[in-house]
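Note that the working numbering gives residue 333 to position 262 of the sequence shown, counting from 1, and the numbers run on in steps of one. Glycine residues also receive a C-beta, built at the ideal position from the N, C-alpha and C atoms. Structure record follows, encoded as structure tokens.
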Amino acid sequence: SIPPHSSLLPPSPLHLFTMSINLADNSTWKAVKPFLNGGVSGMGATCVIQPLDIIKVRLQLGATGGPFGVAGGIIKNEGFGALYTGLSAGLLRQATYTTARLGIHAKIVDALKEKNNGGALPLVEKAGAGLAAGGLGAIFGSPADLSLIRMQADGTLPAAERRNYTGVVHALSDIVKKDGVSGLFVGASTTAVRAMALNCGMLASNDQAKEMMKDNGITGFPATLGASAIAGFFASFFSLPFDYVKTQLQKQKKLPDGTMPFKGFGDCVSKTFAAGGPLKFYTGFPTYYVRIAPHAMLTLILLDNINLFQKSNGM
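So, in structure tokens, the structure goes:
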């Protein structure tokens with residue numbers, strides 16, 4: 072007979088097998104799994120990419136010297152730990168935004184495939200799934216995204232004007248105290264548009280690239296790596312103009328007369344275009360690409376491996 076499993080011992084293979092069967096048949100697990108997997112993969116990627124994100128924000132806010140010069144200046148003036156400023160907000164953003172967008176995307180794609188009798192989806196439907204998932208996910212992640220931008224931009228302000236946030240909770244509470252709950256959603260519409268552009272480029276191109284590689288006999292990790300690299304480029308190219316406007320809106324402070332520098336998305340776009348032309352929206356593209364593409368790649372690679380592990384273990 073099989074001895075009872077002891078809580079003091081590692082789980083036996085039989086116990087793990089029974090757990091996997093239970094999970095595979097569990098409707099709650101099936102509903103939660105795509106959201107959980109998306110959040111974990113996004114948070115893992117953020118832990119690696121965070122220093123590139125703060126360098127990208129500083130460049131967009133006017134820092135000079137290129138990526139390496141900005142990084143050196145941050146380390147020299149603020150310490151090495153400053154490269155991870157806003158990590159708590161970044162992780163919260165992934166726990167909300169990426170959990171929602173990748174989970175919603177998986178659900179939409181599954182529903183479309185079922186409607187298509189399991190066949191491959193046309194590119195337009197893949198793009199639509201990415202747009203919808205990005206926009207909806209951004210609504211959930213907007214407060215964390217705003218606090219992340221505020222924390223990362225703080226070091227660029229004169230000492231007397233710095234908010235000196237100690238963490239994401241401090242940032243969120245300070246925003247609510249000064250601007251009300253609605254203040255947490257400053258730039259939310261721009262964040263949503265940017266997320267729609269990013270996810271359309273990232274998720275649609277990733278699925279399309281995987282199908283094309285499979286048709287050409289490329290499978291496994293090479294296909295995952297290649298598709299994620301393609302997805303990273305299109306995510307960067309489509310989303311940077313919106314990311315630039317979003318950053319300008321989220322970091323703005325009231326002028327002496329009590330008004331804001333920008334009245335909204337359209338006003339920011341027109342003033343930016345007038346000041347620097349269309350290329351102004353691609354300020355910091357090399358750094359943005361180096362930040363977005365690896366994050367997209369790591370997120371998609373982690374997500375694929377998590378799904379593969381669960382599938383191979385009956386989960």
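Name the two residues that bound the continuous alpha helix (DSSP H) containing residue i.
{"i": "E232", "result": "Segment: none, E232 is in no alpha helix (DSSP H) and carries neither H nor E."}
{"i": "F106", "result": "98-131"}
{"i": "D225", "result": "Per DSSP, D225 belongs to no alpha helix (DSSP H) and is neither H nor E."}
{"i": "I289", "result": "Neither: I289 is in no alpha helix (DSSP H) and is coded neither H nor E."}
{"i": "V257", "result": "Element bounds for V257: n/a, residue is neither H nor E."}
{"i": "N148", "result": "137-149"}
{"i": "Q381", "result": "356-383"}
{"i": "C271", "result": "Element bounds for C271: n/a, residue is neither H nor E."}
{"i": "A242", "result": "239-250"}
{"i": "K342", "result": "336-347"}
With a threshold of 8 Å on Cβ separation, who are the neighbours of residue i within its own chain once the five nearest residues in sequence on each side are excluded?
{"i": "C271", "result": "A198, G201, L202, G205, F309"}
{"i": "Y236", "result": "S218, R221, M222, D225, A242, D245"}
{"i": "L296", "result": "M368, I372"}
{"i": "T290", "result": "M284"}
{"i": "K351", "result": "Y315, T343, F344"}
{"i": "L132", "result": "A224, T227, T318, K322"}
{"i": "K325", "result": "M331"}
Check whether the Cβ atoms of residue i and residue j sit closer than 8 Å, and answer yes or no.
{"i": "N277", "j": "L371", "result": "yes"}
{"i": "P365", "j": "I120", "result": "yes"}
{"i": "V28", "j": "T354", "result": "Residue 28 lies beyond the residue range present for the chain, which begins at 72 and ends at 386; the question has no answer from this structure."}
{"i": "G152", "j": "D124", "result": "no"}
{"i": "M331", "j": "F305", "result": "no"}
{"i": "L158", "j": "A215", "result": "no"}
Less than 8 Å between CB atoms is the rule here; does residue i satisfy it with respect to chain D?
{"i": "F151", "result": "Reference to chain D is not applicable here, since this structure consists of a single protein chain."}
Considering only residues of the same chain and omitting the five flanking positions on each side of residue i, which have a CB-CB separation below 7 Å?
{"i": "Q279", "result": "L194, K197"}
{"i": "G335", "result": "none"}
{"i": "V128", "result": "I220, Q223, A224, T318"}
{"i": "G110", "result": "Q165, A166, T169, T170"}
Give me the Cβ distance between residue i and residue j, rounded to the nearest whole Å; I'm assuming they're in contact under 8 Å.
{"i": "L379", "j": "S112", "result": "At roughly 12 Å, the Cβ-Cβ gap does not stay under 8 Å, so L379 and S112 are not in contact."}
{"i": "T167", "j": "G212", "result": "4 Å"}
{"i": "T358", "j": "L154", "result": "T358 to L154, Cβ: 13 Å. No contact."}
Checklist line | Contact the region 252-264 vs the region 313-321: 3+ CB pairs below 8 Å | finding: As far as the Cβ criterion goes, the region 252-264 touches the region 313-321, which means the pair count is three or higher.
Item checked: Any 3 or more C-beta pairs closer than 8 Å across the region 289-308 and the region 246-258 -> Contact between the region 289-308 and the region 246-258 is absent: fewer than three C-beta pairs spanning the two stretches fall below 8 Å.
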